[in-house]
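Structure record follows, encoded as structure tokens.
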Amino acid sequence: MNVSDGPGAAEFWRWSIACYDRPGVAAFCLDLQDRLGRDVNLVLLLVFLAGQGFRPLSPTEIAAVERAAAPFRQWALLPARARRRALKAAGGPEYAAAKAAELDLERESQRQMLAAAPRLGRDSRPAPEIAAASLAAYGVTGAGVLLAGL
24 MNVSDGPGAA EFWRWSIACY DRPGVAAFCL DLQDRLGRDV NLVLLLVFLA
74 GQGFRPLSPT EIAAVERAAA PFRQWALLPA RARRRALKAA GGPEYAAAKA
124 AELDLERESQ RQMLAAAPRL GRDSRPAPEI AAASLAAYGV TGAGVLLAGL
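If you're matching positions, the sequence shown starts at 24 in our numbering and goes up one per residue.
Structure representation (structure tokens):
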């Protein structure tokens, strides 16, 4: 089955928001992003696909998805994130607008990643096991907080 035949970008986005709102997930993801340079949207995609019953992605497949989304991330998402972070201390409407703009860009990044995901077969193992395998292929371990909701 091709991922594009499965869950859509809107479903992935809704799931991501719900997952990110769970206790400990945001802090874990931001640590991965800031300390290890991992793309949070890609981490979420790996867990989401596992939850949908797709097999784990290989390191090569993960790298291909990451490459497909890299130009958008570099030229749109990262500058928006930097702007939002710079405005955070001041708060107010400018910060709120920057945060909303960044979220729109995060959603587009997720859409691009989902579209770039390879053809994946189904996997009958439990979703946490599938997700752990994909995350390990991306160099992410100790992700129990992410796997708890699967």
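Cβ atoms here follow ideal geometry from the backbone N, Cα and C, with glycine treated the same way.
Please read all numbers here as calculations on a predicted model, not as lab measurements.
With DSSP run on the structure shown, which of helix, strand or coil describes Arg78? Mapped onto the sequence shown, residue 78 falls at position 55. The answer is coil: DSSP assigns Arg78 none of H, G, I, E or B.
Taking 7 Å as the limit between beta carbons, can you name the residues of its chain near Ser81, skipping five residues before and five after? The residue labelled residue 81 in the question sits at position 58 within the sequence shown. Apart from the 5 residues on each side of it in sequence, Ser81 sits with its Cβ closer than 7 Å to the Cβ of Ala160 in its chain, given in chain order.
Quick test of your reading: Gln135 and Phe95, contact by CB under 8 Å. State the CB separation rounded to the nearest angstrom. The count along the sequence shown starts at 1 and reaches residue 135 at position 112. The count along the sequence shown starts at 1 and reaches residue 95 at position 72. A Cβ-Cβ distance of about 6 Å is found for the pair Gln135 and Phe95, placing them in contact under the 8 Å criterion.
Does the distance from the C-beta atom of Cys42 to that of Gly165 stay below 8 Å? In the sequence shown, residue 42 corresponds to position 19, counting from 1. In the sequence shown, residue 165 corresponds to position 142, counting from 1. A distance of 8 Å or more separates the beta carbons of Cys42 and Gly165.
In chain order, what are the residue ranges of uninterrupted alpha helix (DSSP H) at least 4 long that sit wholly in the segment 75-119? Qualifying alpha helix (DSSP H) stretches, in chain order: 82-95 and 101-110.
How do the segment 68-75 and the segment 150-160 stand: do at least 3 beta-carbon pairs fall below 8 Å, yes or no? Output reads yes: the segment 150-160 touches the segment 68-75.
Alpha carbon of Glu89 to alpha carbon of Leu65, nearest angstrom: Along the sequence shown, one-based indexing puts residue 89 at 66. Along the sequence shown, one-based indexing puts residue 65 at 42. Straight through space, the alpha carbons of Leu65 and Glu89 are spaced by roughly 7 Å.
Between Phe51 and Asp146, what straight-line distance do the alpha-carbon atoms span, to the nearest angstrom? Stepping through the sequence shown from its first residue, residue 51 is reached at position 28. Stepping through the sequence shown from its first residue, residue 146 is reached at position 123. Distance between the alpha carbons of Phe51 and Asp146: 26 Å.
In whole angstroms, what separates the C-alpha of Gly144 from that of Ala33? Against the sequence shown, residue 144 aligns to sequence position 121. Against the sequence shown, residue 33 aligns to sequence position 10. Between the alpha carbons of Gly144 and Ala33 lies a distance of about 21 Å.
Could you check whether Val48 and Leu169 sit closer than 8 Å to each other, using their CB atoms as the reference points? Your numbering for residue 169 matches position 146 in the sequence shown. Your numbering for residue 48 matches position 25 in the sequence shown. Going by beta carbons, Leu169 and Val48 fall inside the 8 Å limit.
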